[in-house]
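Notes for the one structure printed next.
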Amino acid sequence: MAVNVLAFATSPRRHGNSETLLDALLEAMAAEEGVTVEKYALDEIEIEPCRGCNACEELNRCINEDDDLDWVLEKIITADIVIMAAPVYCMGMCAQAKALVDRMQVLRSRKYVLKLPVVPAERQGKRLGAFLSTAGQDWDYVFDALIPSVKCFFHVMDIKNRDISYLMVNNVDKMGALAAHPTATMDAVTLGKRMITEIKAKLAGEGSGGKE
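In full-length UniProt numbering, the protein residues as written are 1 to 212.
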């Protein structure tokens, strides 16, 4: 059974803690039979900020054709699993990640304004999402402000609350700090394997679409 995984590393600091966490998860997923992984770093593709013009409410597409959003959206729509990894900057996700979230406005317009499907009916409830994050602070609330934006990101692409997984590690600030964390890498491996098992069950028809 083929499983398509799409991942975004959003930190402007390449190969830092959030991307290292992502790589551990993706390596575990790729080791499973039938899994194809595509990872894109946002410093290697161009996603401009949303202009707030609302043209997508009429056009069913973004009016900005100068960046990579069109093909990124197609990959998001066709993926079985979508993953974003982002560090915490000033109690929110980094600007690069937020730009990608904001550009999902075109899917919001498609779904809620134009009343058009984002994914075909037969794929409803058969997709998974995951959000990975790292923070330098050790506060237990350091990730709280990210969650509404993360849920919005996944909801507009028809991935429900119950199908979103989170792995968030605090108190890892300096480059390479994640390697010294006692559980982070294994937590990523465990999550990756669990998500592949879950998506294969969904694709085989063992799960139901249902509501949130």
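Idealized CB from N, CA, C, for every residue including glycine.
Open item on the list: Short of 6 Å in beta carbon distance, which residues of its chain neighbour A28, apart from the five on each side in sequence? Order them along the chain.
Closed with: So the list reads V189, G192 and K193, once near-sequence residues are dropped.
Open item on the list: Along the chain, where does the alpha helix (DSSP H) containing T78 start, and where does it finish?
Closed with: L69 to T78
Open item on the list: Excluding the 5 residues flanking A24 on each side, which residues of the same chain have their C-beta closer than 7 Å to its C-beta?
Closed with: Around A24, the same chain offers T185, A188 and V189 as residues with beta carbons nearer than 7 Å, after the five sequence neighbours per side are excluded.
Open item on the list: Just verifying my parser: in three-state terms, what is the DSSP assignment at V82?
Closed with: strand
Task: Alpha-carbon to alpha-carbon, A177 and G16 - done: 9 Å
- [ ] Measure the CB-CB distance between M195 and I76 and report whether it falls below 8 Å.
- [x] No, the pair does not count as a contact, with Cβ atoms beyond the cut-off.
Open item on the list: Let's see if you can read the secondary structure: which residues bound the alpha helix (DSSP H) around G192?
Closed with: Here the alpha helix (DSSP H) through G192 covers A184 to L203.
Open item on the list: If I follow the unbroken beta strand (DSSP E) through I164, where does it start and stop?
Closed with: Taken as a continuous stretch (DSSP letters only), the beta strand (DSSP E) holding I164 covers I164 to V169.
Task: Distance cut-off 7 Å: Q96 Cβ against heavy atoms of the ligand MG - done: Absence of the ligand MG from the depicted structure is noted, as is the absence of any ligand whatsoever, leaving it without description.
Open item on the list: On the CB-based measure, 16 or more other CB atoms within 10 Å of its CB, does I83 come out buried or exposed?
Closed with: buried
Open item on the list: Which runs of the alpha helix (DSSP H) at least 4 residues long sit entirely within the UniProt domain "NADPH-dependent FMN reductase-like" (4-125)? Give them in chain order.
Closed with: 17-30, 56-59, 69-78, 95-102 and 105-108
Open item on the list: For K151, which residues in the same chain have their Cβ closer than 8 Å to its Cβ, ignoring the five residues on either side in sequence?
Closed with: N161 and I164
Task: Proximity to M157 [Cα-Cα], best of S133, V113, R13 and L107 - done: L107
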